[in-house]
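Scroll down for the structure; my scribbles are underneath it.
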Amino acid sequence: MLVVLDDEQSLVVLGPEEKASFAKSLAQAARGEFASDERMRAIWAKHGL
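In this note's numbering, the protein residues as written are 660 to 708.
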């Protein structure tokens, strides 16, 4: 996660759905489940990048 620093510190509290999403993503990463180069190219192309 990226953190933007400013003059004020803020605490972000994740809800149950967000926590579950992070847990799912971390589990996928632990299993080595990443998007293929082909899939990433398609995503970038879809957004004109």
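C-beta atoms are modelled at their ideal positions from N, C-alpha and C, and glycine is treated no differently. On a predicted model such as this, the values are computed, not experimentally measured, just so you know.
Taking 9 Å as the cut-off, the Cβ atoms of Phe681 and Leu670 do not count as close. Taking 9 Å as the cut-off, the beta carbon of Ala689 is found no closer than this to the beta carbon of Ile702. Note on geometry: alpha-carbon atoms of Ala686 and Lys678 lie some 12 Å from one another.
In this structure, DSSP gives Leu673 a state outside helix and strand, which the three-state scheme calls coil.
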